[in-house]
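Chemist: Got a structure here, written out as structure tokens. Questions coming.
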Amino acid sequence: MYMIRRILIGCVCLLCSVAWETVQAKKTVLSAEIYGYRAEMVYFDCFQTPLLRQEFHTNPGEEHIYSFDTERMVTFAINGKTTVLLMPGDSLHVNLRYEGKQVQAVEFSGTAEAVAQNRLLRDIAQLKRTMRYKSQLLACIAVDVKPKERFEASRVLLEQSRKLLEKAGKEIRPEVSSYILADIEGSVYNSFMEYPVMYAETRRLPIEKQEIGDYWSVMDGYSLRTDKNALQSLDYIGMLMRYMFFVNEKKAHESGTTYTRPTSFEEGYRAYAAFYTGDVRDVVLYTIICNFIRNGKNLDRIDDVVKEYKKKYNRNKEYIHIIETLLQ
């Protein structure tokens, strides 16, 4: 009898251990050691949701650890400069070394897949620096990057990023590959649609004289990504928002008419709701609603929009939770 009890207790303990390991496995962990950083606080800010963030007092050599739950891919900015990507259950440790305000070295350790995907992100970031490829189009305007040059650099960036992904091969999970390509495409195709217009307006050079070919064909042959991993990229969402304008502007150009962009939040909401469908519509509407709330003005205008969004268009229930939290 005593032996049976010991066996039963052992089995229960084993089951509890397995259950605890399962619970532990659901946690996603981001940690960092930071050297040479002169600001008082270290920040981990999630791009996909304001509900995932952490801050620490700067202490060189101390390990700053953030353990959290997530059911989807997330990306974080560490101190606003270094981007890292984590899938549910990943554990990633980042060793950052600063020189002045600039990050001089980034090293990763942790679970194998987390390390591989973040090394790839680091390589793509290094590629951009080597190419002096600016993320902000206004920065291109400021130093007078010609549209033809921006187009050529964008095509090279996309081609070289694809090669880096191919080189990484099976080390990178398919959902991560989808996100990374979407993120690059967001920047590239937004440049194609937006930069010639910006340049024409600020540098007074008509699009027809910018040596970029037929502006209205820049998106020909491109199929929008609709998978949920691609739709985690803020750059891609931004490109989707610009794409609606481009399509309508192109139709107006072909018919000899003029397209007027929405001038209010409500008009923009209705336009996107009519233009897109499914998960794409959901993430675009969620994004413009969050942006309006964060602006903090005239929030009495948001109630009816949020009610309609919940009833007619929302698919991802996490979006509702985030919107409701922002409104509190």
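FYI, in mature numbering (1 follows the signal peptide of the UniProt record, and there is no 0) the residues of the sequence shown are -25 to -1, 1 to 303. Just so it is clear, CB atoms sit at the ideal spot from N, CA and C, and this is done for glycine as well. Just so you know, these numbers come straight off a predicted model, no measurement behind them.
1) Is the stretch 208 to 226 touching the stretch 156 to 174 in the sense that three or more CB pairs, one from each, lie closer than 8 Å?
2) Apart from the five residues on each side of it in sequence, which residues of its chain come closer than 6 Å, Cβ to Cβ, to residue 152?
3) Pick from 123, 267, 24, 299: whose alpha carbon is nearest that of residue 44?
4) What's the call for residue 136, buried or exposed, on a 16-neighbour Cβ count within 10 Å?
5) Between which two residues does the alpha helix (DSSP H) holding residue 77 run?
6) Tell me whether residue 40 is buried or exposed, calling it buried when 16 or more other Cβ atoms sit within 10 Å of its Cβ.
7) With distances taken from CA atoms, which of 230, 228, 246 is nearest residue 236?
8) Can you tell which of 27, 2, 14, 38 has its C-alpha closest to the C-alpha of residue 301?
9) Using DSSP bridges, identify the partner residues of residue 70.
10) Since residue 47 is in the alpha helix (DSSP H), which residue starts that stretch and which ends it?
11) Buried or exposed for residue 204, going by 16 or more other Cβ atoms inside 10 Å?
12) The beta strand (DSSP E) that contains residue 29, what's its start and end?
13) Starting from residue 173 and walking both ways along the alpha helix (DSSP H), at which residues does that stretch end?
14) Quick check on residue 195: buried or exposed, where buried means 16 or more other Cβ atoms within 10 Å of its Cβ?
15) Where residue 179 and residue 117 are concerned, what is the direct C-alpha to C-alpha distance, given to the nearest angstrom?
16) Three-state secondary structure (DSSP) at residue 386?
17) Looking only at its chain, what residues have a beta carbon closer than 6 Å to the beta carbon of residue 146, apart from the 5 residues adjacent to it on each side?
18) Would residue 304 and residue 55 qualify as a contact pair, given that the criterion is a beta-carbon distance under 8 Å?
19) To which residues of the same chain is residue 131 closer than 8 Å at the C-beta, ignoring the five residues directly before and after it?
20) Quick one: what does DSSP say residue 98 is sitting in, helix, strand or coil?
21) With a threshold of 16 other CB atoms inside 10 Å of the CB of residue 160, please say whether the residue is buried or exposed.
22) Which ranges would you report for the alpha helix (DSSP H) in the stretch 233 to 293 if only whole runs of at least 4 residues count?
23) Quick one: residues in its chain with C-beta nearer than 7 Å to the C-beta of residue -2, no 5 flanking neighbours on either side, listed in chain order?
24) Under 8 Å, do residue 123 and residue 186 count as touching if we go by C-beta distance?
25) Mind checking whether residue 209 and residue 255 have CB atoms under 8 Å apart?
26) Tell me which same chain residues have a C-beta within less than 7 Å of the C-beta of residue 291, skipping the five on either side of it?
Modeler: With the structure as the only source:
1) yes
2) Residue mapping note: residue 152 aligns to position 177 of the sequence shown, counting from 1. So the qualifying residues of the chain are 140.
3) Stepping through the sequence shown from its first residue, residue 44 is reached at position 69. Ranking the options by Cα distance to residue 44, first place goes to 24.
4) The residue labelled residue 136 in the question sits at position 161 within the sequence shown. By the neighbour-count rule (16 or more Cβ atoms within 10 Å), residue 136 is buried.
5) Position 102 of the sequence shown, counted from the start, is the residue given in the question as residue 77. Here residue 77 belongs to no alpha helix (DSSP H); instead the beta strand (DSSP E) covers 77 to 85.
6) Position 65 of the sequence shown, counted from the first residue, corresponds to residue 40. Burial call: exposed.
7) On the sequence shown, residue 236 is found 261 positions in, with the first residue counted as 1. The shortest C-alpha separation from residue 236 is found at 246.
8) Your numbering for residue 301 matches position 326 in the sequence shown. Of the candidates 27, 2, 14, 38, the one whose C-alpha sits nearest the C-alpha of residue 301 is 27.
9) Residue 70 sits at position 95 when you count from the first residue of the sequence shown. The partner list for residue 70 (beta bridge, DSSP) reads 8, 82.
10) Position 72 of the sequence shown, counted from the first residue, corresponds to residue 47. No alpha helix (DSSP H) holds residue 47; DSSP gives it neither H nor E.
11) In the sequence shown, counting from the first residue as 1, residue 204 sits at position 229. With 16 or more Cβ atoms within 10 Å of its Cβ, residue 204 is classed as buried.
12) Looking up residue 29 in the sequence shown gives position 54. Residue 29 -> beta strand (DSSP E) spans 28 to 32.
13) To locate residue 173, count along the sequence shown from 1; it is residue 198. Start and end: 149 to 178.
14) To locate residue 195, count along the sequence shown from 1; it is residue 220. Per the 10 Å Cβ criterion, exposed.
15) Sequence index remark: in the sequence shown, residue 179 carries index 204 (1-based). Sequence index remark: in the sequence shown, residue 117 carries index 142 (1-based). Spanning the two alpha carbons is a distance of roughly 14 Å.
16) The structure shown does not extend to residue 386, since the chain is modelled only from -25 through 303, so no value can be given for it.
17) As a first step, residue 146 must be located in the sequence shown, where it is residue number 171. Cβ within range, chain order: 91.
18) The question about residue 304 has no answer, for the chain in this structure spans -25 to 303.
19) On the sequence shown, position 156 is the one that residue 131 refers to. For residue 131, where only same-chain residues beyond five positions count, the Cβ hits under 8 Å are 106.
20) Your numbering for residue 98 matches position 123 in the sequence shown. It is helical.
21) Counting from one through the sequence shown, the residue named residue 160 turns up at place 185. It is buried - the Cβ of residue 160 has at least 16 other Cβ atoms within 10 Å.
22) 240 to 250, 253 to 270, 277 to 283
23) Locating residue -2 in the sequence shown gives position 24, counting from the first residue. Reliability of the predicted coordinates at residue -2 is poor, the pLDDT of 47 falling under 50, and the value obtained from them is presented with this limitation in mind. Around residue -2: no qualifying Cβ.
24) Mapped onto the sequence shown, residue 123 falls at position 148. Mapped onto the sequence shown, residue 186 falls at position 211. Contact: yes.
25) Your numbering for residue 209 matches position 234 in the sequence shown. Your numbering for residue 255 matches position 280 in the sequence shown. No; because the gap between Cβ atoms is not below 8 Å, this pair is not in contact.
26) Within the sequence shown, numbered from 1, the residue matching residue 291 stands at position 316. Closer than 7 Å at Cβ, skipping near neighbours: 257.
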